[in-house]
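**Student:** FYI, the numbering for the sequence shown is 1 to 300, going by the UniProt record's numbering.
Below you will find the structure I want to go over with you.
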Amino acid sequence: MRLSENTIGALLMMASMAAYTLNDTLMKSLSGHVPLFQVIFLRGCLTSAAVAVIAWRMGAFSKRVSRRDTGAIALRVLGEVAGTYFFLTALYHMPLANVTSILQALPLAITLTAALVFREKIGLPRLGAITVGFIGVMLIVRPGAEGFNLYALYGLAAVGCLTVRDLATRSLSRETSSMLVTFATSVTVMAAFGLAQLGGEWAPLDRTDIAKIGGAAALIVAGYLTSIMVVRVGDIGFTAPFRYTAILWALVLGWLAFGDWPAPIVLVGAGIVVASGLFTLYREARLGRKRRPVPVLRPR
């Protein structure tokens, strides 16, 4: 039975979310005995090497970058560095499913910020969905509650930084190679956390630690490549909702690897965030169809 392009796109999106969440699981498993900056630096070395090879094979290094795009890339890189720090710090100190659920507010944050920065119209229905979605985030974070974890604020900070990253990416011209941008980001993250670790102690690594860091690097590259393939197969309005499978992966992996299961209020909050995000995607898809037909990109 031949799969449709939409089905292939949905499978690729789920694979991308699985790769990213498995990476998060491996990174979290290193907490407590390997410093965070050391882990990010070592993972960055492997990731940068792999991305460099892929970018070279794709001819990305021969592409020129305009001055305007250089500024956007710099802003994107800053957002990525800060977002990586806040997200992984939260991940080191919180259950996997909780942090992943907070991060699912990213599409809502991007929609709201794009309306404020780029003056994009969002309308009352989507504005209402965004408001409800952030109420769901507050249920997960629970500020002032007995179960409040200070590092939940780091998760929220990660959402803010990654919103800056994605909006900067959105402003790039189509002529700029995505692999070149990825390489610049990977190298900068590697260098930033390598310099930050210089003043700290470097923990010795055993074979299991090395295997986990290598696996995390491979999964990051796999996640990025599958996320690129997603936009080239099928209708993005159909495949985008499958990004929320990350929460399912986080629930299962968090329980199997760490014995964590979120409190009922966290599950309710995650459900609200997902429902709000799906409604926002649905509204954007409807408005997009009214404005113009959505092109289906063919794989190259």
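Every residue gets a Cβ at the ideal spot worked out from N, C-alpha and C, and that includes glycine.
It should be emphasised that the depicted structure is a prediction, and the values quoted were computed from it without experimental measurement.
(1) Please list the segments of the alpha helix (DSSP H) lying wholly inside the segment 4-64, counting only runs of 4 or more residues, in order along the chain.
(2) Candidates R286, A222 and A18: which alpha carbon is nearest L248's?
(3) Is D166 helix, strand or coil by DSSP?
(4) Would a C-beta distance cut-off of 7 Å place F41 and G194 closer than the cut-off?
(5) Taking three-plus beta-carbon pairs below 8 Å as touching, is the segment 90-98 in contact with the segment 8-28?
(6) Indicate the three-state DSSP secondary structure (helix, strand or coil) for L198 in the structure shown.
(7) Using 8 Å for Cβ pairs, my map puts G44 next to S186. What's the rounded Cβ distance?
(8) Over what stretch of residues does the alpha helix (DSSP H) that includes S101 continue unbroken?
(9) Since G9 and V230 are thought to touch, with beta carbons under 8 Å apart, how far apart are those beta carbons, to the nearest angstrom?
(10) I want to know whether the segment 48-58 touches the segment 133-140 - three or more CB-CB distances under 8 Å.
(11) Which two residues bound the contiguous alpha helix (DSSP H) that contains F258?
(12) Kindly indicate which three-state DSSP category K121 falls into: helix, strand or coil?
(13) Any contact of the segment 157-177 with the segment 61-73, i.e. 3+ C-beta pairs under 8 Å?
(14) If distances are taken between C-alpha atoms only, which option among A60, E5 and P35 comes closest to T176?
(15) If you draw a straight line from the alpha carbon of V34 to that of A129, how long is it in whole angstroms?
(16) Is it buried or exposed, V181, if we count other Cβ atoms within 10 angstroms and call 16 or more buried?
(17) Distance check for L108 and D260, CA to CA, integer angstroms please.
(18) Can you tell me where the alpha helix (DSSP H) holding S173 begins and where it ends?
**Tutor:** So, from the listed chains and residues:
(1) Counting only runs of 4 or more, we get 5-29 and 36-57.
(2) The candidate whose alpha carbon is nearest that of L248 is A18.
(3) In the structure shown, D166 sits in a helix (DSSP, three-state: H, G or I).
(4) A distance below 7 Å separates the beta carbons of F41 and G194.
(5) With a cut-off of 8 Å, the segment 8-28 and the segment 90-98 count as touching, because enough Cβ pairs lie within range.
(6) Of the three classes helix, strand and coil, the one that applies to L198 here is coil, per DSSP.
(7) Right, their Cβ atoms sit about 6 Å apart.
(8) L96 to L103 is the extent of the alpha helix (DSSP H) around S101.
(9) Confirmed, Cβ separation roughly 5 Å.
(10) The way I'd put it, the segment 48-58 doesn't touch the segment 133-140; fewer than three beta-carbon pairs between them come closer than 8 Å.
(11) Element bounds for F258: T245 to F258.
(12) Note: K121 maps to coil in three-state DSSP.
(13) Contact holds: three or more Cβ-Cβ distances are below 8 Å.
(14) T176 has its Cα closest to that of A60, out of A60, E5 and P35.
(15) Approximately 40 Å between the Cα atoms of the pair.
(16) By the Cβ neighbour-count rule, V181 is buried, with 16 or more other Cβ atoms within 10 Å of its own.
(17) Cα to Cα, the separation comes out at about 26 Å.
(18) For S173, there is no enclosing alpha helix (DSSP H), as DSSP marks it with neither H nor E.
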